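In what follows, a structure is listed as C-alpha cells, so that the remarks can point back to it.
In this note's numbering, the protein residues as written are 327 to 714.
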C-alpha cells in the first residue's frame, strides 16, 4: 500500500555522501556557500530596519499618511507573510529541491520589496509587505536546510551562529542607508522612503549572482533516488577542496541506508513534533516566540516612540537603530564561544534571564521619565547584545 510521500515500490539506497561531506576540511568553497546562503539574513535585517526607520516618514505628508495602527499592521502583514512563505516553500523545497527554491523565493522577495516602493495607499503597502515576507520566509526554509546539509557537522553550530549574526550586519546597512536617502538635502523627501525599498530590492538582485556557487544538496538528491547526481556533486566538491581527494581522512562508519521518498509527509512531521519530541518542540517554540516578541516589538515601534515622545526628527531616527544592530552583531561573536565552553542550557537560561531583568528595569525607567532618547538606546543595545 502506498504511503504519503513514498513510492508504491519500496526502494532503499546506501550512500556515504553524508560522511564524505562531513569529513571535508574547511575551505574556500565553504566560505562561498556561507556567503551565498547566509546573505539572506542580511536581507531580512535590512528589511526590518528599513521599515523601522521609515515609520515616522510613512505617517507624514511625504509618505502614505499612515496611522500608527496601520504601520503596526504593515509589520504584521510582513511577519504573516514570513510564516506562510516558510510553510509553503518549506514543503515545496522537500519536493522540488533546495536550489530551485533559492531562486524562486529570492525573486518573490525582490518583487515584493520593489513593488513596495510604488505603494499608493495602505492596502498596496500591506500587500507588498506580505509578498516580501513570503519571499524571506521561503528563503529561511530553503537556506536552513541547505546549510545543514552542506556544512560539515563538526562546525555546523558555529557556522549557523555566524550566519545568523549577519542579520544585524543587514540592519546596520539599513540604518546607514536610510540615514542617507532620508536626508532631504540629498534626496527629495517624497522619494527618499521609496528609494529605500528600491535599494533593498537591488541588494537582493545582486545576491542572485552569488547563488550559482551553491549546488543542489547531495543529501536531498540521495533521498529522492538520484544517487548518481549526488555522487558527482560530492566528487566535484572534493576536487575543489583538495588537489588529491585520496589524502582526505578515511570515512568513519558504514554507509547510510535511506528510504527513497518524494517529500516528508505532514503526518510524519507532526508525529516527530508532538509525540516523539514534545518537550524539545515546546522549548524551541517558546524561545523563538519570546525572541521574536522582543525584537519585533522594539524594531517595529521604537522609531514611533522616538518621534512622538522624544521629538526626534523622523529623518534621523535610523541613527538610533544602528547601536541596536551593532550590539546584536557583537553578541554572537563575543558570547558565542561560551555556549560551547559553559553549555547551551546554562547560557540560554542566563542570557534570557539577564535580558528579561534589564528589559523590566529599562521599561520602568522609561515610565518614570529618567531615560533620554540616547540613554534608552544604549540600554536597549546592551539588552540586545545579551539576548542575541
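C-beta: ideal position from N, C-alpha, C; glycine also. Just so you know, these numbers come straight off a predicted model, no measurement behind them.
Per DSSP, what kind of secondary structure is residue 520 in: helix, strand or coil? As a first step, residue 520 is located in the chain shown; it is residue number 194 there, counting from the start. Looking at residue 520 - three-state DSSP - the assignment turns out to be helix.
Exposed or buried, which one is residue 346 when buried takes at least 16 other CB atoms within 10 Å? Here residue 346 refers to the residue found at position 20 of the chain shown. By the neighbour-count rule (16 or more Cβ atoms within 10 Å), residue 346 is buried.
Give the list of continuous beta strand (DSSP E) stretches no shorter than 3 residues that lie fully inside the segment 568 to 655. Runs of the beta strand (DSSP E) inside the segment 568 to 655: 582 to 585.
Could you check the C-alpha separation between residue 686 and residue 695 for me, to the nearest Å? As a working note, residue 686 is residue 360 in the chain shown. As a working note, residue 695 is residue 369 in the chain shown. Roughly 14 Å between the two C-alpha positions.
Tell me whether the beta-carbon of residue 552 lies closer than 8 Å to the beta-carbon of residue 344. Counted from its first residue, the chain shown places residue 552 at position 226. Counted from its first residue, the chain shown places residue 344 at position 18. No; because the gap between Cβ atoms is not below 8 Å, this pair is not in contact.
Cβ contact check for the segment 475 to 490 and the segment 456 to 467: 3 or more pairs under 8 Å: no
CB residue 589 to CB residue 348, shorter than 8 Å? Residue mapping note: residue 589 aligns to position 263 of the chain shown, counting from 1. Residue mapping note: residue 348 aligns to position 22 of the chain shown, counting from 1. It is not a contact, given that the beta carbons lie outside the stated cut-off.
Whole-angstrom distance between residue 570 and residue 617, CA atom to CA atom: If you number the chain shown from 1, residue 617 lands on position 291. If you number the chain shown from 1, residue 570 lands on position 244. Distance between the alpha carbons of residue 617 and residue 570 is about 46 Å.
At the level of alpha carbons, what is the spacing between residue 656 and residue 671? Translated into the one-based positions of the chain shown, residue 656 becomes position 330. Translated into the one-based positions of the chain shown, residue 671 becomes position 345. In a straight line, the C-alpha of residue 656 is about 21 Å away from that of residue 671.
Same chain only: Cβ atoms within 7 Å of residue 384, ignoring 5 sequence neighbours per side: Position 58 of the chain shown, counting from 1, holds the residue named residue 384. These residues qualify, in order along the chain: 390, 392, 397, 519.
Please state if the CB of residue 342 and the CB of residue 496 are separated by a distance shorter than 8 Å. Here the question's residue 496 lines up with position 170 in the chain shown. Here the question's residue 342 lines up with position 16 in the chain shown. Against a cut-off of 8 Å, the Cβ pair of residue 342 and residue 496 comes out as no contact.
Between the C-alpha atoms of residue 527 and residue 612, what's the straight-line distance to the nearest angstrom? Position 201 of the chain shown, counted from the first residue, corresponds to residue 527. Position 286 of the chain shown, counted from the first residue, corresponds to residue 612. Those two C-alpha atoms are separated by around 32 Å.
Can you tell me which of the three DSSP states residue 481 falls into? Your numbering for residue 481 matches position 155 in the chain shown. It is helical.
At a cut of 8 Å, does the segment 641 to 658 reach the segment 496 to 511 through at least three beta carbon pairs? yes
Quick one, which of 608, 688, 439, 660 has its alpha-carbon nearest residue 521's? Here the question's residue 521 lines up with position 195 in the chain shown. The option with the nearest alpha carbon to residue 521 is 439.
CB residue 628 to CB residue 378, shorter than 8 Å? One-based indexing of the chain shown puts residue 628 at position 302. One-based indexing of the chain shown puts residue 378 at position 52. Closer than 8 Å, so yes.
Take residue 515 and list the residues in its own chain whose beta-carbon comes closer than 6 Å to its own, dropping the five residues that flank it on each side. Locating residue 515 in the chain shown gives position 189, where the first residue counts as 1. Here the set comprises 388.
Apart from the five residues on each side of it in sequence, which residues of its chain come closer than 8 Å, Cβ to Cβ, to residue 577? In the chain shown, residue 577 corresponds to position 251, counting from 1. Closer than 8 Å at Cβ, skipping near neighbours: 342, 345, 346, 349.
Going by beta-carbon coordinates alone, are residue 382 and residue 630 separated by less than 8 Å? Your numbering for residue 382 matches position 56 in the chain shown. Your numbering for residue 630 matches position 304 in the chain shown. Yes, Cβ-Cβ distance for residue 382 and residue 630 is below 8 Å.
Let me know the secondary structure DSSP gives residue 339 once reduced to three states. By 1-based counting over the chain shown, the position of residue 339 is 13. It is a strand residue.
To test your reading of the DSSP string, which unbroken alpha helix (DSSP H) runs of 4 or more residues are found completely within the segment 342 to 408? Entirely contained in the segment 342 to 408, the alpha helix (DSSP H) runs reaching 4 residues are, in chain order, 343 to 348, 354 to 385.
Check for me: the alpha helix (DSSP H) holding residue 454 runs from which residue to which? Counting from one through the chain shown, the residue named residue 454 turns up at place 128. 448 to 476 is the span of the alpha helix (DSSP H), which, as asked, contains residue 454.
Leaving out the 5 sequence neighbours to the left and right, which residues in its chain are closer than 6 Å to residue 456 when beta-carbon positions are compared? In the chain shown, the residue the question calls residue 456 occupies position 130. Excluding positions up to five away in sequence, the list reads 403, 407.
Pairs of beta-carbons, one from the segment 350 to 362 and one from the segment 555 to 574, closer than 8 Å: are there three or more? yes
On the three-pair Cβ rule with 8 Å, is the segment 659 to 668 touching the segment 522 to 541? Segments in contact, no.
What separation, rounded to the nearest whole angstrom, lies between the Cα atoms of residue 334 and residue 586? Walking along the chain shown from the start, residue 334 turns up at place 8. Walking along the chain shown from the start, residue 586 turns up at place 260. Its pLDDT being 48, under 50, residue 334 is placed unreliably in this model, and the coordinates cannot settle the point.
Alpha carbon of residue 573 to alpha carbon of residue 567, nearest angstrom: Taking the first residue of the chain shown as 1, we reach residue 573 at position 247. Taking the first residue of the chain shown as 1, we reach residue 567 at position 241. About 11 Å.
Residue environment, residue 654, which counts as buried when at least 16 other CB atoms sit within 10 Å: Start at 1 with the first residue of the chain shown, and residue 654 comes out as number 328. Classification for residue 654: buried.
Measure from the alpha carbon of residue 356 to the alpha carbon of each residue in 632, 536, 619, 633, then state which is nearest. As a first step, residue 356 must be located in the chain shown, where it is residue number 30. Answer by Cα proximity: 536.
Use the C-beta contact count for residue 604: other C-beta atoms within 10 angstroms, 16 or more gives buried, fewer gives exposed. As a first step, residue 604 must be located in the chain shown, where it is residue number 278. Residue 604 is exposed by the Cβ-count criterion.
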